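Asks: Take a look at the following structure, please.
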Amino acid sequence: MSDTTSPSGLFEVRRRLSGLEFFQKMVAGEMPPPPLVALLGLKLVEAEAGRVTFIGVAREEFYNGMGVAHGGFAATMLDSALGCAINTMMPAGRVFTTIDLQIHYTRPLRPEAGELRCTAAVVHVGRPTA
1360 MSDTTSPSGL
1370 FEVRRRLSGL
1380 EFFQKMVAGE
1390 MPPPPLVALL
1400 GLKLVEAEAG
1410 RVTFIGVARE
1420 EFYNGMGVAH
1430 GGFAATMLDS
1440 ALGCAINTMM
1450 PAGRVFTTID
1460 LQIHYTRPLR
1470 PEAGELRCTA
1480 AVVHVGRPTA
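If you want our numbering, it's the position in the sequence shown, counting the first as 1, plus 1359.
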């Protein structure tokens, strides 16, 4: 099996497994998360066909000078969840990337929010976009 501690090792494993199999192994602790997910302290806790859930805490080092979490933390959590949800619908070897991300923040993310839960569900998967 490939070295799953490196991004290229994770990619090699993903090429051999469907997206659902890959993320189920991650939930089970058999695969490490990708480096950015680990860096931000996000954890994939659920993975089924077309749906994933991440949990995470906006740690103090993610806060700006106004005492709220930087929007990039929330955006990364949202993008990761949606990308992984779509990925659970993909066969072995099929890869893709986000082509658009639009977020409308409705309120600031403050320390008292505690643990965050982000669930993404696929609505449609087509050939060029999902």
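Even glycine gets a Cβ: it sits at the ideal position worked out from N, Cα and C. These numbers come from a predicted model, not from an experiment.
#1: Could you pull the DSSP bridge partners for G1415 from this structure?
#2: Between the Cα of G1473 and those of G1442, E1419 and V1481, spot the shortest distance and give me the residue it belongs to.
#3: What three-state label does DSSP hand A1406 in the structure shown?
#4: For A1480, name the three-state secondary structure that DSSP assigns.
#5: In terms of residue numbering, what span does the alpha helix (DSSP H) encompassing E1380 cover?
#6: Residues in its own chain within less than 8 Å of D1438 by CB, not counting five upstream and five downstream?
#7: Round the Cβ separation of L1403 and F1382 to the nearest angstrom and send it over; I've been treating them as touching at under 8 Å.
#8: Taking the beta carbon of N1446 as the centre, do at least 16 other beta carbons fall within 10 Å, making it buried, or is it exposed?
Replies: Looking at the coordinates:
#1: Position 56 of the sequence shown, counted from the start, is the residue given in the question as residue 1415. BP columns for G1415 point to L1475.
#2: Here residue 1473 refers to the residue found at position 114 when the sequence shown is read from its first residue. The shortest C-alpha separation from G1473 is found at E1419.
#3: Numbered from 1 along the sequence shown, position 47 holds the residue referred to as residue 1406. DSSP, read as helix, strand or coil, puts A1406 in strand.
#4: Taking the sequence shown and counting its residues from 1, the one referred to as residue 1480 is at position 121. In this structure, A1480 counts as strand in the three-state DSSP scheme.
#5: Within the sequence shown, numbered from 1, the residue matching residue 1380 stands at position 21. Segment G1378 to V1386, the alpha helix (DSSP H) holding E1380.
#6: The count along the sequence shown starts at 1 and reaches residue 1438 at position 79. Around D1438: T1457 and L1460.
#7: Mapped onto the sequence shown, residue 1403 falls at position 44. Mapped onto the sequence shown, residue 1382 falls at position 23. Between F1382 and L1403 the Cβ distance is about 6 Å, and since that is below 8 Å, they are a contact.
#8: Taking the first residue of the sequence shown as position 1, residue 1446 is located at position 87. Answer is buried; the Cβ neighbour count reaches 16.
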